[in-house]
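Trainee:
In UniProt numbering, the protein residues as written are 1 to 267.
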């Protein structure tokens, strides 16, 4: 069952849209071991929850996420064994896997600082809306690590291209909101005071759509990365045939015949 009252992040569910955000605005919303794990479990459970149709991962207090907490995560990591470190890196990667496979479209509403694991969460979302003040950085090399964290080397090049991804992952520099929009990382830029409403509007529009079809779309977007064109076309043929058996498909047909807007129910 989906946890609607998490301990380590905020969660609000209204009209099929779940809005979540990290809740340490005084520190620009860093992640901790506990918030990582609870977010991972929440997105895993989301796959089996039919009440949520779309997710907004929101900013809080003018910032999205400042990455792993220096004192609560970075410091302890320097004292861990290899076995413990691998358990941690696998756990953080499991958060991305859970977001990708949750079956629900995820919209990141990005304001201010969006760095490290915060940039990864934005990257793992389906749609990204940002303010002009948003600064996104995959800064792992700046703390002596590799840029290949939590799927960054696989996912980021598919969004902005290999060369641009390489630049950000090697240098750890901030990508401005304007760069992010021009490169295709951000779908849209809006003023800070309009960010929440804009993200909610996109989420509500998606939530009103054919949710089984959205789940299938998200599944195919993830699975077709490792397919040939021939395999992808066949997989999509099977997926679309399945969707053609849904009641939503039949509802849409009858609505279009009557020149009405279809009302989807997700079945």
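Idealized CB from N, CA, C, for every residue including glycine.
Note that this is a predicted model, so its numbers are computed, not measured.
For a test of the three-state rule: what should DSSP assign to residue 180, helix, strand or coil?
Mentor: Residue 180 falls in the helix class under three-state DSSP.
Trainee: Distance, Cα to Cα, residue 210 vs residue 52?
Mentor: Between residue 210 and residue 52, the C-alpha separation is close to 13 Å.
Trainee: Quick check: what's the CA-CA separation for residue 266 versus residue 143?
Mentor: C-alpha separation (whole angstroms): 45 Å.
Trainee: Helix, strand or coil: how does DSSP classify residue 21 here?
Mentor: Residue 21 falls in the strand class under three-state DSSP.
Trainee: Can you name the start and end residues of the alpha helix (DSSP H) that residue 234 belongs to?
Mentor: It spans 229 to 243 - the alpha helix (DSSP H) in which residue 234 sits, taken as one unbroken run.
Trainee: By a C-beta neighbour count over all protein chains shown, 10 Å radius and 16 as the cutoff for buried, is residue 76 buried or exposed?
Mentor: It counts as exposed.
Trainee: Taking its Cβ as the centre, do 16 or more other Cβ atoms sit within 10 Å of residue 95, making it buried, or is it exposed?
Mentor: So residue 95 ends up on the buried side.
Trainee: Does DSSP put residue 68 in a helix, a strand or coil?
Mentor: Strand at residue 68.
Trainee: Ignoring anything shorter than 4 residues, give me the alpha helix (DSSP H) runs that lie fully in the segment 124 to 180, in order along the chain.
Mentor: Correct list: 152 to 160, 162 to 171.
Trainee: Give the straight-line distance between the Cα atoms of residue 150 and residue 88, rounded to the nearest whole angstrom.
Mentor: Rounded to the nearest angstrom, the two C-alpha atoms are 11 Å apart.
Trainee: What is the rounded straight-line gap between the Cα of residue 231 and the Cα of residue 62?
Mentor: Rounded to the nearest angstrom, the two C-alpha atoms are 44 Å apart.
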